[in-house]
Amino acid sequence: MAQRRAVWAVYAACRDGDDTVDELSGHAAQLGLDLWWARVQGAFSGRPGDHPIDLALAWAAREYPIPLSAFEELHEGLRMDLRGHEYHSMADLILYCRRVAGVVGFMIAPVSGYSGGERTLHAALMLGQAMQLTNILRDVGEDLTRGRVYLPSELLAEFHVSRADLERGVVTPEYRALMRHLSALAREWYAEGRQGIPCLHGSARLAVATAARAYEGILDDLARNDFDNFGRRAHVSGPRKLLMLPQAWWELRTAPAPLS
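Letter by letter, the sequence shown follows residues 2 to 261 of this note's numbering.
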């Protein structure tokens with residue numbers, strides 16, 4: 002119960018920051034993000050505000066060795082969104098995926114408990130990055146309406162896809178090739194991330210394995226839809242979600258020995 006409460010506190014705090022950037026704009030968004038960061042720092046220093054999320058995060062940070070540095074990276078990632086960061090290279094995109102999602106693994110692993118040391122934390126990082134890249138591939142059309150393009154300009158040029166092509170929302174052979182390339186990269190990250198799941202303690206194993214299976218299922222749906230992510234949002238249907246729990250359980254039963 003205590004672990005579940007702490008995980009809720011971490012995710013609620015992360016979601017609170019993300020919602021601030023998504024739901025506000027301009028100066029209001031900047032002020033909101035500054036306030037969010039001050040609240041996080043207050044929680045970690047033992048001086049939380051009155052908001053239930055602040056109080057829960059303060060308790061979690063007191064009970065578990067959750068690193069404030071992971072929240073610092075998340076803050077930097079949210080600032081990238083706020084500034085309308087331009088993504089030129091894959092390194093830019095990878096940094097963004099690390100900051101807004103990869104580091105969440107660093108927050109959760111100390112709560113669940115884990116073995117395998119740094120190798121497990123690296124696997125958690127890769128799993129978070131895979132999930133964020135999946136989000137980006139799913140939401141290309143939706144992000145365009147907000148003026149956001151996370152696909153690196155160098156990669157767009159390499160695959161002969163222009164910003165104008167994206168704004169037209171036409172799925173060309175070149176665009177499909179780009180989506181296949183990035184989907185394959187996400188799947189590589191999922192494979193690397195799964196290596197750390199057997200090292201997690203208790204119920205966290207099945208929870209994380211099921212979440213990973215659900216997110217990778219979005220890539221499957223995107224491929225089935227011929228990579229049209231402009232007018233239709235890829236998702237995992239109800240029946241397929243029901244199959245993911247036993248599938249995740251079986252993968253854990255047949256997984257190789259934990260990292261050491």
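Cβ coordinates follow ideal geometry from the N, Cα and C atoms, glycine included.
Predicted model, so just to flag it, every value in this text is computed and none were measured.
DSSP places ILE95 in the uninterrupted alpha helix (DSSP H) bounded by 91-98.
In the structure shown, TYR115 adopts extended strand secondary structure according to DSSP, grouped into three states.
Apart from the 5 residues on each side of it in sequence, VAL141 sits with its Cβ closer than 6 angstroms to the Cβ of ASN230 in its chain, given in chain order. In its own chain, leaving out the 5 sequence neighbours on each side, no residue places its CB closer than 7 angstroms to the CB of ASP23. Taking the Cα positions, CYS15 is about 16 angstroms away from GLN31. For CYS15, the enclosing alpha helix (DSSP H) covers residues 3-24.
In this structure MET127 is buried. Its beta-carbon is surrounded by 16 or more other beta-carbon atoms within 10 angstroms. Residue nearest to ARG149 within the set LEU83, ALA57 and ILE95 is LEU83 (criterion: CA-CA distance).
Of all alpha-carbon atoms in THR146, GLY78, GLU64 and LEU36, the one lying nearest the alpha-carbon of GLY47 is that of GLU64.
Residue nearest to PRO53 within the set ASP17, PHE160, ALA178 and LEU223 is ASP17 (criterion: CA-CA distance).
Secondary structure note for SER70: its alpha helix (DSSP H) is the uninterrupted segment 69-84. Taking 8 angstroms as the upper bound for CB-CB distance, LEU183 and LEU138 are in contact here, some 6 angstroms apart.
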